[in-house]
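Residue numbers (the numbering used here), protein chains in the order written: chain H, 130 to 194; chain C, -13 to 120.
In this text, a Cβ means the ideal position worked out from N, Cα and C, and glycines have one as well.
Just so you know, these numbers come straight off a predicted model, no measurement behind them.
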Amino acid sequence: MNNRLRELREAKAWSQQELGERLGVSRQTVISIEKGKYAPSLPLAFSIARLFELRIEDVFLPDEK
Amino acid sequence: MSWDGFPQRRWLGHPPELWVGVVAYLVLGVAALWLVRNGGFGGGARFAIGMAPTLPLLLVARGVLRMIRHQDELHRRIQFEAIAYAAGIVMVLSFTLGTLEAMDLIPHVTSNWAGQALILAWGIAAGILNRRYG
């Protein structure tokens, strides 16, 4: 699953560590989500969307088939 | 509290009771072995002394569970997958050795290896999975 997390984080000038602290997850988890290696759970995806005041589908984009 | 709600009081990234349990197991293990062999104790006492090193292992298990419970979802997933790989490897090895032993194709093998193999396979699998998700 693709996502805009890196773009959104950089727009806020937050480090990966800072974003992780705001979400209550580790820096490694932020890195893994940004690289698309890990798809977060629905609660975490909602937390991310809420943090950036966006809808979940504005942050996470389904893979093209 | 740190990022994942885990207490700040950690030793090498693990809860203190895990290390206390490991050290206590080693000390009690050596002491129990010596006492059982040289202490001159009778049946019940010998058995109780022999079982003593098991108690700190419960502390280790508590530490591991507490560590996993306080990790975030990615790390819990890594640990879960690593334990699944380790359990699978040990299960295959254990059944294979058991079958060969039952057929008298190999001599009797002590079951001590299973716990050590589980920990080793768990550690290796966790390392590989950490790199995959990193």
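Same chain only: Cβ atoms within 8 Å of residue i, ignoring 5 sequence neighbours per side
i	result
Tyr11/C	Pro39, Pro42, Leu43, Val46
Residue i burial status per 10 Å Cβ neighbour count (16 or more: buried)
i	result
His94/C	exposed
Ala111/C	buried
Gln146/H	exposed
Spatial distance of residue i from residue j (CA atoms)
i	j	result
Asp187/H	Val154/H	21 Å
Ala168/H	Glu3/C	33 Å
Phe33/C	Asn98/C	18 Å
Ala140/H	Ile105/C	43 Å
Unbroken alpha helix (DSSP H) run spanning residue i, endpoints
i	result
Phe33/C	29 to 37
Val8/C	2 to 24
Pro172/H	171 to 180
Own chain residues within Cβ distance below 7 Å of residue i, not counting five before or after
i	result
Arg133/H	Val188
Arg184/H	Ala178
Arg52/C	Pro1
Glu136/H	none
Ala68/C	Trp108, Ala111, Ala112, Leu115
Val159/H	Gln145, Leu148, Gly149
Within chain H, partners of residue i - CB distance below 9 Å
i	result
Gly158/C	In the structure as shown, chain C begins at -13 and stops at 120. Residue 158/C is therefore absent and cannot be evaluated.
Chain H contact residues for residue i, given Cβ-Cβ distances below 8 Å
i	result
Asp58/C	Gly153, Val154, Ser155, Thr158
Tyr119/C	Gln157, Ser161, Lys166, Tyr167
Amino acids of chain H, ordered along the chain, whose beta-carbon sits closer than 7 Å to that of residue i
i	result
His61/C	Ser155
Residues that residue i contacts on chain C, provided the C-beta gap is smaller than 7 Å
i	result
Ser144/H	Here the premise fails: no neighbours, minimum Cβ distance about 13 Å.
Proximal residues of chain C, C-beta to C-beta of residue i below 8 Å
i	result
Ser170/H	Glu59
Leu173/H	Glu59
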